[in-house]
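In my numbering, the protein residues as written are -7 to 239. Working notes, beginning with the structure itself.
This is the structure we're talking about:
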């Protein structure tokens, strides 16, 4: 079956009211492949700014969400608050949070379950470090991260898996098309065995890690690469070129 191409833009901790309004204006006015699903993830402070000004058809994601309901959790945002604000997606498991904030696979899985139970889609990040890749542990690491989620979640219809080799994030290094396709195919094979053949067929597996307008078209040709999670390039005019990678 044909999986809808998916491109997410992760702004990380970047942007001002002025610069994000410029991005919104550019996206609203741009011509991009209508068959591509587009989701942007601004810093939490600007979620409502984006939601209020983006045209219909472009969705907004939080960069994180907590695994508990509303309550005494200073600094966190709940699933119900995102839902109330018409924020339809969240990023979870990004390597920067796994590494810097020591988020465990189990914690990422708990947040994933909370988001899905509350009706929010999840862009679920997984990936290995350079040391792990050189030790031939890529698939062990990635499947361990996904296995934690599989223990908590049976319905993967609202999950987009984002494979992001940590060594390629923001470094300018990119996995070759062959390297990326190999891991994507292995993830799909793992899903077929551990989740279901239906989930393996329907779940979109997207690539992240220094994706640019220069490499996106070649990556998009691979049969198991269903889109991209874009970092720095999502802040630039070239993001529109990436949205057209399949066009």
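Even for Gly, the Cβ is constructed at its ideal location relative to N, Cα and C.
For residue i, the three-state DSSP class (helix, strand or coil)
i: residue 187; result: coil
i: residue 225; result: helix
i: residue 207; result: coil
i: residue 57; result: coil
i: residue 193; result: helix
i: residue 231; result: helix
i: residue 239; result: coil
i: residue 20; result: helix
i: residue 51; result: strand
i: residue 93; result: coil
i: residue 79; result: coil
i: residue 2; result: strand
i: residue 167; result: coil
i: residue 177; result: helix
i: residue 36; result: helix
i: residue 198; result: strand
i: residue 41; result: helix
i: residue 74; result: helix
i: residue 29; result: strand
Cβ-based neighbour list, residue i, same chain, cut-off 8 Å, excluding 5 preceding and 5 following
i: residue 7; result: 15, 34, 35, 38 and 227
i: residue 108; result: 114, 145, 147, 150 and 151
i: residue 235; result: -1, 22, 24, 25, 28 and 30
i: residue 13; result: 41 and 45
i: residue 11; result: 227
i: residue 65; result: 58
i: residue 95; result: 85 and 89
Option nearest residue i by Cα separation, candidates the options
i: residue 78; options: 31, 19, 65 and 101; result: 31
i: residue -1; options: 21, 11, 81 and 75; result: 81
i: residue 233; options: 208, 218 and 49; result: 208
i: residue 61; options: 185, 105 and 96; result: 105
i: residue -4; options: 195, 202, 203 and 224; result: 195
i: residue 156; options: 90, 11 and 186; result: 90
i: residue 258; options: 17, 76 and 172; result: Beyond the ends of the chain as shown, which are -7 and 239, falls residue 258; an answer cannot be given.
i: residue 111; options: 73, 93, 139 and 131; result: 73
i: residue 179; options: 130, 210, 203 and 165; result: 130
i: residue 2; options: 76, 95, 97 and 52; result: 52
i: residue 167; options: 182, 210 and 94; result: 210
i: residue 47; options: 206, 9, 71 and 19; result: 19
i: residue 218; options: 139, 175 and 206; result: 175
i: residue 202; options: 169, 231 and 165; result: 165
i: residue 181; options: 223, 206, 138 and 159; result: 138
i: residue 170; options: 97, 95, 183 and 216; result: 216
i: residue 135; options: 160, 50 and 177; result: 177
i: residue 223; options: 162, 94 and 184; result: 162
i: residue 97; options: 50, 49, 140 and 160; result: 140
Residues of its chain near residue i, where Cβ-Cβ distance is below 6 Å and the 5 sequence neighbours each way are ignored
i: residue 154; result: 115, 117, 198, 200 and 221
i: residue 212; result: 237 and 238
i: residue 133; result: 120 and 124
i: residue 204; result: 225
i: residue 67; result: none
i: residue 160; result: 166, 167, 201 and 202
Close beta carbons around residue i, own chain, < 7 Å, minus the five adjacent residues each side
i: residue 69; result: 36, 54, 57 and 58
4 or more residues per run - each alpha helix (DSSP H) lying fully within the stretch 98 to 165: Given a length threshold of 4 residues, each whole run of the alpha helix (DSSP H) inside the stretch 98 to 165 is given here in chain order: 122 to 126 and 130 to 144.
Touching by the beta-carbon criterion (3+ pairs, under 8 Å), the stretch 98 to 112 and the stretch 137 to 145: yes
Segment contact flag, the stretch 119 to 126 with the stretch 176 to 194, C-beta cutoff 8 Å, min 3 pairs: Because the criterion of three Cβ pairs below 8 Å is not met, the stretch 119 to 126 and the stretch 176 to 194 do not touch.
Inter-stretch contact (C-beta, 8 Å, three-pair minimum) for the stretch 79 to 88 and the stretch 48 to 58: yes
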